[in-house]
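So the protein sequences, as listed, match chains L and Y.
In this text, residue positions in the first sequence follow the numbering used here: the first is 3, and each later residue adds one.
In this text, residue positions in the second sequence follow the numbering used here: the first is 46, and each later residue adds one.
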Amino acid sequence: MKWTFFHKLGSPKWFFDISGKFLPWFVVLGISLLVIGSIWGLAFAPKDYQQGDSFRIIYLHVPSAILAQSCYMMMAVSAIVSLVWKMKLADVFIASAAPLGALFTFLALFTGAVWGKPTWGTWWVWDARLTAMLVLLFLYFGVISLQSAIEDTQIASKATSILVLVGIVNIPIIKYSVDWWNTLHQPATFKLTEKPAMVPEMWIPLLVMVVGIYCFFTALVILRMRNDILIRERKTKWVKALLHF
Amino acid sequence: MLRLQKYSMNNSAVDSNSLGKVLKSVCVREYLCASRYRQAFINPLVFFAIIIALFPLGVSPEPEFLSAASVGVVWVAALLSSMLSLDNLFMKDYDDGSLEQLVLSSQPLYLIMLIKSFVHWTLTGLPLIIISPLLAMMLYLDLEQLPVLLLTLIMGTPVINLIGGIGAALTVSLRSSGVLVSLLVLPLTIPVLIFATGAVQASIDGASINGYIAILGILLMLSITLAPFATSAAIKLSVSN
């Protein structure tokens, strides 16, 4: 297997060129999947026999919750890449993805609160999963504030990578500790190993939304990364040539 | 040939000796510095006492409420005051350059960080544990639960110190890092809080506390083995800044 592909990933210029080609596809795919999925889910999917129409917020809640968690995983992988292979792009990814992760975590918490009001009768309960998501939001805030507190970008990125890795060691512990502490939330909607408990008419639009939100996230990350690369590499020839073109 | 062997043996003896020497001198130096800046270690204790005094004033002085809340209040106050004392851990060493010398020394930074963290615990965590029975009594904690509370504090505060060390090391090169350290460290200490207060609650309910104590022990072992790695990585980074 050739590793040239992997090494090319370390070059901001290469990424800038190639991501420019992919970006429109992700934007179009993401937005169209989100539009299709939400119309399908909100208008055509059958009602829940217990929760009625209020369950439809699942089509926003579950995708953003899944993304919020996997965004941190992606950041942790990037942190290892950054610390081991010293790739600049991994640093750029962490810096660009952290605010988006925080945003989706907030969205998951917010939609969860809106969903909780009709079904549980309260906006907020100190339940394990809710608390774990809240802690995740705090972890994102920590990453963002550490990144912005250190002036030297390279050192800020290294420090953030260490923090992300410490967080990833801690996340399972936090998750199980709050699980043990208090649980009211229903179990995970999608599991890789089992068939979903919902009927296909309900979960297929949800799947469309999940894929859509990943594409949308990819598009946003690429946009932010390209922006960040231009700022970080502003003294290089190719950026100067690009901007004076 | 024999001479060479003898020389190299001597040399290795000197090497293994010097690790102990370095650790010992780090230890002595920490205590010496602390004795010169006593106030920095007294302030978090006073802070601890004030937070605990605020609860009856702010919420309710009823004995029933206070005894139910006492464990949580003591633990949250302990967490907050440990955050306050984290500044002492590396700040002065960073300012006067001795941190750089520790990084440059040929001895493993992991052990040096572990020793520093331990010394810091004996200076901040231990006094806090010593005064906590008094404050817990003021919150009407049941006397029978006091040993359990102390046990959780003895096992939990080193974990907080070790995790806090990572945050302190990451932010040592920054001016006014106080709030930032708390922001980074407090979410990571949630498991300690949950299991420590869980143990005391279980003991109040008459249940077995073994499971909680075992998990606190795991957290302690994990943080002793893993946290100094992250701390020394962060220290190397901050010193290069």
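Just so you know, even glycine gets a beta-carbon here, dropped at the ideal spot from N, CA and C.
This one's a predicted model, so the numbers in the text were calculated from it and none came from an experiment.
Worksheet item: Is ASP93/L helix, strand or coil by DSSP?
Response: The residue you call residue 93/L lines up with position 91 of the first sequence. The answer is helix: DSSP assigns ASP93/L an H, G or I state.
Item to complete: Indicate whether the contact test is met: 3 or more Cβ pairs, each with one atom in the region 200-214 of chain L and one in the region 59-66 of chain L, closer than 8 Å.
Response: yes
Fill in: Own chain residues within Cβ distance below 8 Å of GLY22/L, not counting five before or after
Reading the first sequence from its first residue, position 20 is the one you call residue 22/L. Excluding residues within five positions, the ones whose Cβ falls inside 8 Å are ARG228.
Practice prompt. Please go through the same chain and pick out, in chain order, the residues whose beta-carbon is closer than 6 Å to the beta-carbon of ALA99/L, but skip the five residues on each side of it.
Written response: Translated into positions along the first sequence, residue 99/L becomes position 97. Around ALA99/L: CYS73, MET77 and VAL223.
Discussion item. Distance check for PRO108/Y and SER150/Y, CA to CA, integer angstroms please.
Written reply: The residue you call residue 150/Y lines up with position 105 of the second sequence. The residue you call residue 108/Y lines up with position 63 of the second sequence. Spanning the two alpha carbons is a distance of roughly 55 Å.
Worksheet item: Are the C-beta of TRP126/L and some C-beta of chain Y separated by less than 7 Å?
Response: Sequence index remark: in the first sequence, residue 126/L carries index 124 (1-based). False, the Cβ-Cβ gap to chain Y never drops below 7 Å.
Worksheet item: Is the region 197-215 of chain Y close to the region 268-284 of chain Y, with three or more CB pairs under 8 Å?
Response: yes
Worksheet item: Going along the chain, which residues of its own chain have a beta-carbon closer than 7 Å to the beta-carbon of VAL284/Y, five neighbours each way excluded?
Response: Translated into positions along the second sequence, residue 284/Y becomes position 239. The residues are LEU144, GLU145 and VAL148.
Worksheet item: By Cβ distance below 6 Å, which residues in the same chain neighbour LEU159/Y in space, the five residues on each side in sequence not counted?
Response: Sequence index remark: in the second sequence, residue 159/Y carries index 114 (1-based). Excluding residues within five positions, the ones whose Cβ falls inside 6 Å are PRO273.
Discussion item. Just to make sure I have the definition right: I need the residues of chain Y whose C-beta is within less than 8 Å of the C-beta of ASN229/L. Which are they?
Written reply: Looking up residue 229/L in the first sequence gives position 227. Correct list: empty, because the minimum Cβ distance to chain Y is about 25 Å.
Item to complete: Using DSSP bridges, identify the partner residues of ASP187/Y.
Response: Residue mapping note: residue 187/Y aligns to position 142 of the second sequence, counting from 1. DSSP lists no partner for ASP187/Y.
Practice prompt. Tell me whether PHE140/L is buried or exposed, calling it buried when 16 or more other Cβ atoms sit within 10 Å of its Cβ.
Written response: If you number the first sequence from 1, residue 140/L lands on position 138. Flag for PHE140/L reads buried.
Worksheet item: Going by alpha carbons, who is nearest to MET135/L out of LYS160/L, VAL168/L, TYR61/L and LYS177/L?
Response: Residue 135/L sits at position 133 when you count from the first residue of the first sequence. MET135/L has its Cα closest to that of LYS177/L, out of LYS160/L, VAL168/L, TYR61/L and LYS177/L.
Fill in: chain Y within 7 Å of TRP205/L, Cβ atoms only
Walking along the first sequence from the start, residue 205/L turns up at place 203. No, TRP205/L does not count as interfacial toward chain Y.
Worksheet entry | Opposing strand residues paired with ASP50/L [DSSP bridges] | Locating residue 50/L in the first sequence gives position 48, where the first residue counts as 1. Paired residues: GLY54/L.
Discussion item. Could you tell me the alpha carbon to alpha carbon distance between ILE211/Y and HIS246/L, rounded to whole angstroms?
Written reply: Along the second sequence, read from residue 1 onward, the residue named residue 211/Y stands at position 166. Along the first sequence, read from residue 1 onward, the residue named residue 246/L stands at position 244. Cα-Cα distance, rounded: 44 Å.
Worksheet item: Which residues of chain L have a Cβ atom closer than 9 Å to the Cβ of PRO236/Y, listed in chain order?
Response: As a first step, residue 236/Y is located in the second sequence; it is residue number 191 there, counting from the start. Result: ASN172, ILE175, ILE176, TYR178, SER179 and VAL180.
Worksheet item: Where does GLN84/Y land, buried or exposed, given buried means 16+ other C-beta within 10 angstroms?
Response: In the second sequence, the residue the question calls residue 84/Y occupies position 39. Counting Cβ neighbours within 10 Å, GLN84/Y comes out exposed, since fewer than 16 surround it.
Worksheet item: Helix, strand or coil: how does DSSP classify LEU244/L here?
Response: Taking the first sequence and counting its residues from 1, the one referred to as residue 244/L is at position 242. LEU244/L: helix per DSSP, three-state reduction.
Worksheet item: Which word fits TRP117/L, buried or exposed, when buried means at least 16 other C-beta atoms lie within 10 angstroms of its C-beta?
Response: As a working note, residue 117/L is residue 115 in the first sequence. The residue is buried, with at least 16 neighbouring Cβ atoms inside 10 Å.
Item to complete: State yes or no: is the C-beta of VAL164/Y within less than 7 Å of the C-beta of GLU75/Y?
Response: Counting from 1 along the second sequence, the entry for residue 164/Y is found at position 119. Counting from 1 along the second sequence, the entry for residue 75/Y is found at position 30. Against a cut-off of 7 Å, the Cβ pair of GLU75/Y and VAL164/Y comes out as a contact.
Worksheet item: Using 8 Å as the Cβ pair cut-off and three pairs as the minimum, do the region 117-131 of chain Y and the region 166-174 of chain Y touch?
Response: yes
Discussion item. Could you tell me the alpha carbon to alpha carbon distance between ILE176/Y and SER63/Y, rounded to whole angstroms?
Written reply: In the second sequence, residue 176/Y corresponds to position 131, counting from 1. In the second sequence, residue 63/Y corresponds to position 18, counting from 1. Roughly 37 Å separates the two Cα atoms.
Worksheet item: Nearest chain L C-beta to ASN286/Y closer than 7 Å, yes or no?
Response: Locating residue 286/Y in the second sequence gives position 241, where the first residue counts as 1. Taking Cβ atoms only, chain L reaches closer than 7 Å to ASN286/Y, which makes this a yes.
Practice prompt. Helix, strand or coil for SER80/Y, going by three-state DSSP, please let me know.
Written response: Position 35 of the second sequence, counting from 1, holds the residue named residue 80/Y. SER80/Y: helix per DSSP, three-state reduction.
Worksheet entry | Residues near PHE28/L in its chain [Cβ-Cβ closer than 6 Å; skip 5 each side] | Here residue 28/L corresponds to residue number 26 of the first sequence, with the count starting at 1. Cβ neighbours of PHE28/L beyond the five flanking positions: CYS217, THR220 and ALA221.
Discussion item. Let me see if you follow: with CB-CB separation under 7 Å, is ALA279/Y close to chain L or not?
Written reply: As a first step, residue 279/Y is located in the second sequence; it is residue number 234 there, counting from the start. Yes, its Cβ sits closer than 7 Å to a Cβ of chain L.
Worksheet item: Between ILE239/Y and chain L, is there a C-beta pair that is closer than 7 Å?
Response: Sequence index remark: in the second sequence, residue 239/Y carries index 194 (1-based). It does; some Cβ of chain L falls within 7 Å.
Item to complete: Whole angstroms is fine: what's the gap from LEU264/Y's alpha carbon to LEU91/L's?
Response: Here residue 264/Y refers to the residue found at position 219 of the second sequence. Here residue 91/L refers to the residue found at position 89 of the first sequence. If you take the alpha carbons of LEU264/Y and LEU91/L, they lie about 34 Å apart.
Fill in: Of the listed residues GLY243/Y, VAL245/Y and MET182/Y, nearest to ALA25/Y (C-alpha basis)
It is not possible to answer for residue 25/Y, since the shown part of chain Y is limited to 46 through 286.
Discussion item. Beta-carbon within less than 8 Å of TYR155/Y's beta-carbon, same chain only, minus the 5 sequence neighbours each way: which residues are those?
Written reply: Here the question's residue 155/Y lines up with position 110 in the second sequence. Once the five neighbours on either side are set aside, the close Cβ partners of TYR155/Y are PRO273, PHE274 and SER277.
Worksheet item: Does PRO232/Y get closer than 7 Å to chain L when you measure Cβ to Cβ?
Response: On the second sequence, position 187 is the one that residue 232/Y refers to. By this cut-off, PRO232/Y is an interface position.
Discussion item. With H, G and I counted as helix, E and B as strand and the rest as coil, what does DSSP make of GLN152/Y?
Written reply: One-based indexing of the second sequence puts residue 152/Y at position 107. GLN152/Y falls in the coil class under three-state DSSP.
Worksheet entry | Distance, LEU198/Y Cα to LEU77/Y Cα | Numbered from its first residue, the second sequence carries residue 77/Y at position 32. Numbered from its first residue, the second sequence carries residue 198/Y at position 153. Distance between the alpha carbons of LEU77/Y and LEU198/Y is about 26 Å.
Discussion item. Pairs of beta-carbons, one from the region 232-240 of chain Y and one from the region 167-181 of chain L, closer than 8 Å: are there three or more?
Written reply: yes
Worksheet item: Can the beta-carbon of VAL230/Y be found closer than 7 Å to that of ILE208/Y?
Response: As a working note, residue 230/Y is residue 185 in the second sequence. As a working note, residue 208/Y is residue 163 in the second sequence. In this structure, ILE208/Y lies closer than 7 Å to VAL230/Y by Cβ.
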